[in-house]
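Participant: Got a structure here, written out as structure tokens. Questions coming.
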Amino acid sequence: MEELPERQHAWNSVLSTDDYGNTIVPRHHGLLFLNYNREGTPTDSDRQTMETALQGIEHAYERSGDGLLMTVGYSPTYFGRFEQSLPEMYRQRGYEDVETVSQESYDFEFLVMENAIR
153 MEELPERQHA
163 WNSVLSTDDY
173 GNTIVPRHHG
183 LLFLNYNREG
193 TPTDSDRQTM
203 ETALQGIEHA
213 YERSGDGLLM
223 TVGYSPTYFG
233 RFEQSLPEMY
243 RQRGYEDVET
253 VSQESYDFEF
263 LVMENAIR
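Quick note on my numbering: the sequence shown kicks off at 153 and runs consecutively.
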């Protein structure tokens with residue numbers, strides 16, 4: 153398996169470009185909202201299970217626009233499970249131009265992108 157880059161979202165090197173050098177993003181995007189189905193703080197075993205599952209996906213698919221690109225984000229709901237508070241810079245800002253807003257009720261956001269749906 154190819155070495156993953158140090159930084160998040162470093163996808164341009166594995167994506168195609170058009171005749172003008174612009175990066176062509178994958179055609180299909182999927183956003184899954186997932187929950188941790190236990191009470192309290194995730195255990196070390198739970199974290200290892202998540203890491204192993206994500207590594208399994210990384211090994212199963214080519215990391216490219218023709219394979220699969222993915223990222224996982226954690227919501228304020230997830231971090232609310234921990235007693236220690238987050239630094240101020242990570243606190244969610246209020247919504248300004250939205251009429252109806254509901255608090256996120258999921259723990260993770262899993263974004264996948266690819267070109268060929270099989």
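Cβ coordinates follow ideal geometry from the N, Cα and C atoms, glycine included.
It should be emphasised that the depicted structure is a prediction, and the values quoted were computed from it without experimental measurement.
For residue 264, which beta-bridge partners are listed by DSSP?
Facilitator: Residue 264 is bridged to 182 and 222.
Participant: Just to confirm, are residue 187 and residue 175 a CB contact at a threshold of 7 Å?
Facilitator: Cβ distance not < 7 Å, so residue 187 and residue 175 don't count as in contact.
Participant: Would the beta-carbon of residue 223 fall within 7 Å of that of residue 184?
Facilitator: No, they are not a contact pair.
Participant: Bridge partners of residue 169, per DSSP?
Facilitator: Its beta-bridge partners are 175.
Participant: Note down, in chain order, each residue of its chain lying with its Cβ closer than 6 Å to the Cβ of residue 221, except the 5 sequence neighbours on either side.
Facilitator: These residues qualify, in order along the chain: 163 and 265.
Participant: How would you write the range of the alpha helix (DSSP H) that residue 156 sits in, first residue to last?
Facilitator: Looking at the DSSP string, residue 156 is not in any alpha helix (DSSP H), and its letter there is neither H nor E.
Participant: Once you ignore the five residues that flank residue 168 on each side, which residues in its own chain have a CB closer than 7 Å to its CB?
Facilitator: These residues qualify, in order along the chain: 176 and 217.
Participant: Measuring straight from C-alpha to C-alpha, what distance separates residue 267 and residue 158?
Facilitator: Each residue's alpha carbon lies about 24 Å from the other.
Participant: Nearest to residue 190 by CA position, among 237, 236, 229 and 261, is which residue?
Facilitator: Residue 190 has its Cα closest to that of 229, out of 237, 236, 229 and 261.
Participant: Apart from the five residues on each side of it in sequence, which residues of its chain come closer than 7 Å, Cβ to Cβ, to residue 178?
Facilitator: 217, 221, 265, 266 and 267.
Participant: To the nearest angstrom, how far is it from the Cα of residue 207 to the Cα of residue 213?
Facilitator: Each residue's Cα considered, the two are about 10 Å apart.
Participant: How big is the Cα-Cα spacing for residue 209 and residue 202?
Facilitator: Each residue's Cα considered, the two are about 11 Å apart.
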